[in-house]
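Notes follow the structure.
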Amino acid sequence: MASGDASSATQSVWNAMRDDSTHEQSASTVEIGGWMIPLDPTESAADYFLLTEDEPCCGGCVPRDPLRCIEVISRDPLELDGGFVRLRGRLIRLIDDPAGWRYQLEAARHVSEPKRASSSAAGMSRRAFLASGAALSLAACAPGRFAGYTDSHEPDPAEPRDSEPEQWQAAAGALTIDMHSHAGHVIVSRNPKLGAHRPFTPVSAPMRAGGMNVICLAIVTDTVVTRVSADRKRFEAWRTPQPGELYQLGQTEFARAHELIEREQLVVVTDAAMLASADPRTPHVIIASEGGDFLEGQLERVDEAYSQHQLRHLQLTHYRVNELGDIQTEAPVHGGLTDFGADVVRRCNALGIVVDVAHGTYDLVKRAASVTTKPLVLSHTALATHPGARSRLITADHARAVAQTGGVIGVWPSSGTFHDLDGMAHGFKRMVEVVGVEHVGLGTDMYGFISPPVFRDYDQLPALGAALLSAGFSQKESEMLLGGNYRRVFEASMG
Ligand SMILES: [Zn+2]
Ligand SMILES: [Zn+2]
159 MASGDASSAT QSVWNAMRDD STHEQSASTV EIGGWMIPLD PTESAADYFL
209 LTEDEPCCGG CVPRDPLRCI EVISRDPLEL DGGFVRLRGR LIRLIDDPAG
259 WRYQLEAARH VSEPKRASSS AAGMSRRAFL ASGAALSLAA CAPGRFAGYT
309 DSHEPDPAEP RDSEPEQWQA AAGALTIDMH SHAGHVIVSR NPKLGAHRPF
359 TPVSAPMRAG GMNVICLAIV TDTVVTRVSA DRKRFEAWRT PQPGELYQLG
409 QTEFARAHEL IEREQLVVVT DAAMLASADP RTPHVIIASE GGDFLEGQLE
459 RVDEAYSQHQ LRHLQLTHYR VNELGDIQTE APVHGGLTDF GADVVRRCNA
509 LGIVVDVAHG TYDLVKRAAS VTTKPLVLSH TALATHPGAR SRLITADHAR
559 AVAQTGGVIG VWPSSGTFHD LDGMAHGFKR MVEVVGVEHV GLGTDMYGFI
609 SPPVFRDYDQ LPALGAALLS AGFSQKESEM LLGGNYRRVF EASMG
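Structure below.
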């Protein structure tokens, strides 16, 4: 194929991806050119990396638009020189990637030797590539640059927020905390080829870049029995797990969390004193589980997770009606929290584990509120006047049931709910109007969305803080929302 044909073929693939119309070509062999972005900048070659249409603004900057980025799995490790490459492989449309990537190039190989696409690339040696920022972080460049980002790659220069640099940062002594995150790709991939071997992405550097001090790092233990629903709006359980299967998945997920923690040099917070003395320059995590599915109905496994895996935050249910109770996205089976679920709440109270009722039905929340002796958390949601059937949004009464325990409701950045960070800030405001400023927090659900959310990287935290100030919150209130309130609940839960 002549090079002109090849480049027009490449262009048509990127164009089709941008229109999101590539499904017609799914699983077809394509030839495509783009810029390689390593997920592990310390490697000189890799068989797993990202390919972007546009030259990265620095060596490690990943475009947030999933339609301009392809996940590549190559036949053999390819040299990561940070340059332009032309690859041939099978292009697959992903429908359930928790990170939001839409396309994958499988069995990729070089069409020809790597070549430079533009003169500006010629000077980008691997040495320069690493020095330019990839070794620091995939997201360390230009913090806040993508503030207000919705669907386009570049921020709209007409947007006033882009012309206002994000000045927000937490005052000394205040900790910023994300109540719900799967940062680093901690969870096992649904793609069987990656599974538990899915490469991690950086956590520490983006946290440092955005001034995020603590994240509740959540494993998920129903992944193998859930999938994206036919309407592609949510996940659903599609088969009954084998006995022991979800416990085993839990073991794998906890091990992955600890591997990521070790690799990223994160500090695990296990009690209130550690949180009180946390150095804000060092990224911290609270180990969490989204769903008590790994318990498989056995209460002693709460103790085991507490002592062996440092679990300190347990969300009772997720996308499967499990042994603990009913979920918002399926018809109720148990009438809310089960007796086992109530026992788990009591055990968490006794041990010192934060109880999170996200994904649970209003009936589940009401019984959990009546059982718990500690404040509840509902880590990621938003308010709706009339949530639709199977919606993850909550009513004002549902929110009040959590707040009345002294708890906190996390506002999430779903793009189905908010268009941008200003919209999200107004989501905080609505929630505060219902339950008060002491009862609202941030739950990013990082890498947990089907569609890319409006807050997708910790370097957006200053922009979110600035949006909260613009929405009328004081500096002090913004610090309560972005960490202080969860801190109070954590301290109360540990004591
Ligand atoms: Zn969730
Ligand atoms: Zn999640």
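Per my numbering, residue 159 is the first one in the sequence shown, and the count goes up by one each step.
For every residue, glycine included, the Cβ atom is placed at its ideal position computed from N, Cα and C.
Inset, instruction - Take Lys524 and list the residues in its own chain whose beta-carbon comes closer than 7 Å to its own, dropping the five residues that flank it on each side. - result: Gly494 and Ala559
Inset, instruction - Could you spell out where the beta strand (DSSP E) holding Met599 opens and where it closes? - result: Just to set this straight, residue 599 is Gly in the shown sequence, not Met. First-last of the beta strand (DSSP E) with Gly599: Val598 to Leu600.
Inset, instruction - Mind checking who His268 pairs with in its DSSP beta bridge? - result: Leu245
Legend entry - N-terminal and C-terminal residue of the alpha helix (DSSP H) that Ala203 is part of: Premise fails: Ala203 lies in the beta strand (DSSP E), Ala203 to Thr210, not in any alpha helix (DSSP H).
Inset, instruction - Return yes when the C-beta of Gly574 is under 6 Å from any heavy atom of ligand 2, and no when it is not. - result: no
Legend entry - Contact set for Ser170: own chain, Cβ-Cβ below 6 Å, skip 5 residues either direction: none
Legend entry - Glu211 versus Ile195: straight-line alpha-carbon distance, rounded: 11 Å
Legend entry - Of the residues Val361, Gly369 and Arg348, the one placed nearest Thr334, counting alpha carbons only: Gly369
Inset, instruction - With a cut-off of 8 Å on the beta carbons, I'd call Leu407 and Phe358 a contact; round off their distance for me. - result: That belief does not hold up - the Cβ atoms of Leu407 and Phe358 are roughly 18 Å apart, past 8 Å.
Legend entry - Rounded C-alpha distance that separates Thr553 from Ala354: 37 Å
Inset, instruction - Round the Cβ separation of Leu536 and Ile567 to the nearest angstrom and send it over; I've been treating them as touching at under 8 Å. - result: 5 Å
Inset, instruction - Would you kindly work out how many angstroms separate the C-alpha atoms of Asn480 and Glu596, rounded to a whole number? - result: 31 Å
Legend entry - Beta-bridge pairing of Gly455 - partner residues as DSSP gives them: DSSP output for Gly455 lists no bridge partner at all.
Legend entry - Phe607, DSSP secondary structure in three states: coil
Inset, instruction - Answer yes or no: the CB of Gly606 versus the heavy atoms of ligand 2, is any distance below 6 Å? - result: yes
Legend entry - Straight-line gap, Arg176 to Glu264 (C-alpha atoms, nearest Å): 19 Å
Inset, instruction - State the DSSP-derived secondary structure class of Arg645, mapped to helix, strand or coil. - result: helix
Legend entry - Distance, His476 Cα to Gly455 Cα: 15 Å
Legend entry - Among Arg504, Thr519 and His467, the one whose alpha carbon lies nearest that of Pro490: Thr519
Legend entry - C-beta contact flag for Gly499 and Leu469 at 7 Å: no
Legend entry - Cross-strand partners of Gln111 (DSSP beta bridge): Missing from the structure shown is residue 111; the chain here goes from 159 to 653 and no further.
Legend entry - Cβ neighbour criterion (16 or more within 10 Å) applied to Asn173: exposed
Inset, instruction - Alpha carbon to alpha carbon, how far is Glu422 from Leu375? Give it in angstroms, no decimals. - result: 13 Å
Legend entry - Asp603 CB to nearest heavy atom of ligand 2 below 6 Å: yes
Legend entry - First and last residue of the uninterrupted beta strand (DSSP E) at Pro235: Cys227 to Glu237
Legend entry - Segment contact, 8 Å Cβ cut-off, at least three pairs: the segment 577 to 597 with the segment 335 to 344: no
Inset, instruction - Over the uninterrupted alpha helix (DSSP H) stretch that includes Glu448, give me the two end residues. - result: Note, Glu448: premise wrong, no alpha helix (DSSP H); beta strand (DSSP E) at His442 to Glu448.
Inset, instruction - Following the continuous alpha helix (DSSP H) through Val512, name the residue where it begins and the one where it ends. - result: Not the alpha helix (DSSP H): Val512 falls in the beta strand (DSSP E), residues Val512 to Asp514.
Inset, instruction - Within its chain, find whatever has a CB closer than 6 Å to the CB of His492; leave out the 5 residues flanking it on each side and keep chain order. - result: Gly483 and Asp484
Legend entry - Nearest candidate by alpha-carbon position, reference Arg645, set Ile231, Leu236 and Ile373: Ile373
Inset, instruction - Tell me whether the beta-carbon of Leu326 lies closer than 7 Å to the beta-carbon of Gly623. - result: The sequence shown places Trp at residue 326, rather than the Leu named in the question. Yes, Cβ-Cβ distance for Trp326 and Gly623 is below 7 Å.
Legend entry - Collapsed DSSP secondary structure at Gln262 in the structure displayed: strand
Legend entry - Which of helix, strand or coil DSSP assigns to His340: coil
Inset, instruction - Give the straight-line distance between the Cα atoms of Leu457 and Leu509, rounded to the nearest whole angstrom. - result: 12 Å
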